[in-house]
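The numbering used here numbers the first residue of the sequence shown as 2 and each following residue consecutively.
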Amino acid sequence: MTTQTLSTPEVYQGQFGEFTITQSDRTGVIIYRAGLMVAALSFAIGSVLVLLNNNPNIFTTLTLLYACFSLALGVSLLTIHIYMASLHRLLQLFWAIGSIAAIAFALSSSEPLAITVYNHPLTLFGVGFTFVALTGIYFKEAFCFNRLETKVLTITVPLLLLGHLVGILPTQAEQILLGVWAILFIVFALRKALQEIPPDIGDKSVFAYLKKQSLEKV
(Lines of atoms letter the chains of each structure in order from A and count residues from 1; the text may use other names and numbers.)
(Lines give C-alpha, C1' and ligand atoms only; values in the text may rest on other atoms or scores of the structure.)
Protein backbone atom coordinates (compact mmCIF):
# COMPACT_ATOMS: atom_id res chain seq x y z
CA MET A 1 0.00 0.00 0.00
CA THR A 2 1.47 3.36 -1.01
CA THR A 3 1.78 6.50 1.10
CA GLN A 4 -0.65 8.26 -1.25
CA THR A 5 -3.28 5.61 -0.60
CA LEU A 6 -2.81 5.94 3.14
CA SER A 7 -3.23 9.72 2.97
CA THR A 8 -6.28 9.66 0.71
CA PRO A 9 -9.34 10.77 2.69
CA GLU A 10 -12.25 8.37 2.93
CA VAL A 11 -15.16 9.16 0.61
CA TYR A 12 -18.65 9.09 2.13
CA GLN A 13 -21.94 8.80 0.26
CA GLY A 14 -24.33 11.53 1.34
CA GLN A 15 -27.95 12.25 0.51
CA PHE A 16 -26.97 14.67 -2.27
CA GLY A 17 -23.65 13.22 -3.39
CA GLU A 18 -20.26 12.12 -2.20
CA PHE A 19 -18.15 14.06 0.28
CA THR A 20 -14.91 13.74 2.23
CA ILE A 21 -14.05 14.72 5.79
CA THR A 22 -11.02 17.00 6.10
CA GLN A 23 -8.67 17.57 9.00
CA SER A 24 -10.31 20.97 9.43
CA ASP A 25 -13.69 19.23 9.90
CA ARG A 26 -12.21 16.97 12.55
CA THR A 27 -10.54 19.88 14.32
CA GLY A 28 -13.87 21.71 14.44
CA VAL A 29 -15.53 18.73 16.12
CA ILE A 30 -12.71 18.44 18.65
CA ILE A 31 -13.07 22.14 19.50
CA TYR A 32 -16.85 21.73 19.80
CA ARG A 33 -16.44 18.84 22.21
CA ALA A 34 -13.68 20.58 24.17
CA GLY A 35 -15.97 23.57 24.61
CA LEU A 36 -18.74 21.32 25.90
CA MET A 37 -16.35 19.64 28.33
CA VAL A 38 -15.08 22.96 29.73
CA ALA A 39 -18.64 24.26 30.00
CA ALA A 40 -19.82 21.08 31.72
CA LEU A 41 -16.92 21.06 34.21
CA SER A 42 -17.38 24.76 35.00
CA PHE A 43 -21.11 24.26 35.52
CA ALA A 44 -20.60 21.14 37.64
CA ILE A 45 -18.00 22.77 39.89
CA GLY A 46 -20.23 25.80 40.35
CA SER A 47 -23.21 23.59 41.16
CA VAL A 48 -21.22 21.66 43.77
CA LEU A 49 -20.14 24.93 45.40
CA VAL A 50 -23.74 26.12 45.51
CA LEU A 51 -25.18 22.85 46.82
CA LEU A 52 -22.51 21.86 49.33
CA ASN A 53 -20.83 25.08 50.44
CA ASN A 54 -22.50 27.84 52.46
CA ASN A 55 -19.39 30.04 52.47
CA PRO A 56 -20.36 33.52 51.18
CA ASN A 57 -16.85 33.92 49.73
CA ILE A 58 -17.67 31.49 46.90
CA PHE A 59 -19.59 34.03 44.84
CA THR A 60 -16.55 35.57 43.16
CA THR A 61 -15.52 32.05 42.19
CA LEU A 62 -19.02 31.38 40.88
CA THR A 63 -18.85 34.47 38.65
CA LEU A 64 -15.52 33.32 37.21
CA LEU A 65 -16.87 29.81 36.67
CA TYR A 66 -19.93 31.22 34.92
CA ALA A 67 -17.72 33.33 32.65
CA CYS A 68 -15.69 30.23 31.79
CA PHE A 69 -18.90 28.25 31.18
CA SER A 70 -20.35 30.94 28.94
CA LEU A 71 -17.18 31.42 26.88
CA ALA A 72 -16.78 27.67 26.37
CA LEU A 73 -20.41 27.38 25.33
CA GLY A 74 -19.88 30.19 22.84
CA VAL A 75 -16.94 28.30 21.31
CA SER A 76 -19.11 25.18 20.98
CA LEU A 77 -21.86 27.18 19.31
CA LEU A 78 -19.35 28.49 16.77
CA THR A 79 -18.19 25.01 15.80
CA ILE A 80 -21.34 22.89 16.15
CA HIS A 81 -22.67 21.34 12.92
CA ILE A 82 -26.36 22.15 12.38
CA TYR A 83 -27.98 21.70 8.97
CA MET A 84 -30.33 24.68 9.38
CA ALA A 85 -28.14 27.77 9.19
CA SER A 86 -30.95 29.96 10.52
CA LEU A 87 -31.27 27.80 13.65
CA HIS A 88 -27.51 27.85 14.13
CA ARG A 89 -27.48 31.65 13.97
CA LEU A 90 -30.48 31.85 16.30
CA LEU A 91 -28.73 29.79 18.98
CA GLN A 92 -25.65 32.00 18.64
CA LEU A 93 -27.86 35.09 18.98
CA PHE A 94 -29.47 33.68 22.12
CA TRP A 95 -26.01 33.05 23.57
CA ALA A 96 -24.94 36.61 22.75
CA ILE A 97 -28.04 38.12 24.37
CA GLY A 98 -27.54 36.04 27.50
CA SER A 99 -23.85 36.91 27.70
CA ILE A 100 -24.45 40.64 27.29
CA ALA A 101 -27.19 40.52 29.93
CA ALA A 102 -24.92 38.66 32.37
CA ILE A 103 -22.13 41.21 31.90
CA ALA A 104 -24.60 44.06 32.37
CA PHE A 105 -26.01 42.60 35.60
CA ALA A 106 -22.54 41.76 36.93
CA LEU A 107 -21.33 45.33 36.37
CA SER A 108 -24.46 47.18 37.48
CA SER A 109 -25.45 45.23 40.59
CA SER A 110 -23.84 45.58 44.00
CA GLU A 111 -24.53 41.88 44.56
CA PRO A 112 -22.62 38.95 43.03
CA LEU A 113 -24.10 37.76 39.74
CA ALA A 114 -25.42 34.48 41.19
CA ILE A 115 -27.23 36.29 44.00
CA THR A 116 -28.65 38.87 41.60
CA VAL A 117 -30.11 36.19 39.32
CA TYR A 118 -31.39 34.04 42.19
CA ASN A 119 -33.03 36.89 44.12
CA HIS A 120 -34.38 38.62 41.03
CA PRO A 121 -35.86 35.90 38.77
CA LEU A 122 -36.86 38.44 36.12
CA THR A 123 -33.16 38.68 35.21
CA LEU A 124 -33.68 35.31 33.54
CA PHE A 125 -35.38 37.18 30.71
CA GLY A 126 -31.81 38.27 29.89
CA VAL A 127 -29.33 35.75 31.30
CA GLY A 128 -31.72 32.89 30.56
CA PHE A 129 -31.11 33.20 26.81
CA THR A 130 -27.71 31.57 27.34
CA PHE A 131 -29.49 28.52 28.73
CA VAL A 132 -31.97 28.56 25.87
CA ALA A 133 -28.97 28.21 23.55
CA LEU A 134 -27.59 25.39 25.70
CA THR A 135 -30.96 23.63 25.65
CA GLY A 136 -30.86 23.96 21.87
CA ILE A 137 -27.65 21.93 21.87
CA TYR A 138 -29.24 19.32 24.13
CA PHE A 139 -32.25 19.10 21.83
CA LYS A 140 -30.07 18.79 18.72
CA GLU A 141 -28.02 16.01 20.30
CA ALA A 142 -31.16 14.22 21.52
CA PHE A 143 -32.71 14.43 18.05
CA CYS A 144 -29.58 13.37 16.14
CA PHE A 145 -28.16 10.73 18.48
CA ASN A 146 -31.11 9.67 20.64
CA ARG A 147 -29.13 10.21 23.85
CA LEU A 148 -31.07 9.66 27.07
CA GLU A 149 -29.15 12.26 29.06
CA THR A 150 -29.84 15.01 26.51
CA LYS A 151 -33.54 14.08 26.41
CA VAL A 152 -33.71 14.51 30.17
CA LEU A 153 -31.69 17.75 30.03
CA THR A 154 -33.99 19.19 27.35
CA ILE A 155 -36.79 18.94 29.92
CA THR A 156 -34.83 19.61 33.12
CA VAL A 157 -33.30 22.96 32.15
CA PRO A 158 -36.55 24.73 31.16
CA LEU A 159 -38.35 23.15 34.14
CA LEU A 160 -35.81 24.52 36.61
CA LEU A 161 -35.48 27.99 35.07
CA LEU A 162 -39.19 28.54 34.38
CA GLY A 163 -40.09 27.03 37.76
CA HIS A 164 -37.78 29.52 39.48
CA LEU A 165 -39.01 32.37 37.30
CA VAL A 166 -42.64 31.90 38.33
CA GLY A 167 -41.78 30.81 41.86
CA ILE A 168 -43.54 27.44 41.89
CA LEU A 169 -40.58 25.23 42.84
CA PRO A 170 -39.53 24.70 46.47
CA THR A 171 -35.85 25.15 47.22
CA GLN A 172 -35.28 21.41 47.64
CA ALA A 173 -36.77 20.68 44.22
CA GLU A 174 -34.54 23.34 42.64
CA GLN A 175 -31.50 21.79 44.30
CA ILE A 176 -32.41 18.33 43.01
CA LEU A 177 -32.94 19.61 39.47
CA LEU A 178 -29.64 21.53 39.60
CA GLY A 179 -27.83 18.38 40.73
CA VAL A 180 -29.43 16.31 37.96
CA TRP A 181 -28.49 18.98 35.42
CA ALA A 182 -24.84 19.10 36.55
CA ILE A 183 -24.44 15.31 36.58
CA LEU A 184 -26.09 14.70 33.21
CA PHE A 185 -24.17 17.58 31.62
CA ILE A 186 -20.92 15.86 32.63
CA VAL A 187 -22.24 12.51 31.35
CA PHE A 188 -23.15 14.15 28.04
CA ALA A 189 -19.74 15.82 27.63
CA LEU A 190 -17.90 12.59 28.48
CA ARG A 191 -19.93 10.54 26.02
CA LYS A 192 -19.32 13.13 23.30
CA ALA A 193 -15.57 12.89 23.95
CA LEU A 194 -15.70 9.14 23.30
CA GLN A 195 -17.95 9.30 20.24
CA GLU A 196 -16.51 8.84 16.76
CA ILE A 197 -15.92 12.13 14.96
CA PRO A 198 -17.69 11.65 11.57
CA PRO A 199 -21.25 11.49 13.01
CA ASP A 200 -20.73 14.94 14.58
CA ILE A 201 -19.73 16.36 11.20
CA GLY A 202 -22.87 15.01 9.59
CA ASP A 203 -23.71 14.71 5.91
CA LYS A 204 -21.65 17.44 4.24
CA SER A 205 -23.59 16.97 1.02
CA VAL A 206 -26.65 18.35 2.82
CA PHE A 207 -24.70 21.47 3.88
CA ALA A 208 -23.52 21.91 0.28
CA TYR A 209 -27.05 21.47 -1.07
CA LEU A 210 -28.56 23.94 1.38
CA LYS A 211 -25.84 26.48 0.62
CA LYS A 212 -26.48 26.09 -3.09
CA GLN A 213 -30.21 26.57 -2.58
CA SER A 214 -29.58 29.69 -0.53
CA LEU A 215 -27.30 31.17 -3.21
CA GLU A 216 -29.87 30.44 -5.91
CA LYS A 217 -32.55 32.29 -3.97
CA VAL A 218 -30.25 35.31 -3.70
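Think of the CB as a built atom: it goes at the ideal place given N, C-alpha and C, for glycine as much as any other residue.
Practice problem: Alpha carbon to alpha carbon, how far is Thr-62 from Pro-113? Give it in angstroms, no decimals. | Solution: 10 Å
Exercise. Measure the C-alpha to C-alpha separation of Ile-138 and Ala-103 and round it to an integer number of angstroms.
Key: 20 Å
Quiz item: Any idea what DSSP makes of Thr-21, helix, strand or coil?
Solution: strand
Quiz prompt | Glu-150 to Ser-25 span [Cα, whole Å] | solution = 29 Å
Practice problem: Could you spell out where the alpha helix (DSSP H) holding Tyr-67 opens and where it closes? | Solution: 60 to 80
Exercise. State whether the stretch 75 to 84 contacts the stretch 30 to 48, with contact taken as three or more CB pairs (one from each stretch) at a distance under 8 Å.
Key: yes
Quiz prompt | Cα-Cα separation between Pro-199 and Ala-45, rounded to whole angstroms | solution = 28 Å
Quiz item: Among the residues of its own chain, which have a CB less than 6 Å from the CB of Leu-53, if the five just before and after it don't count?
Solution: none
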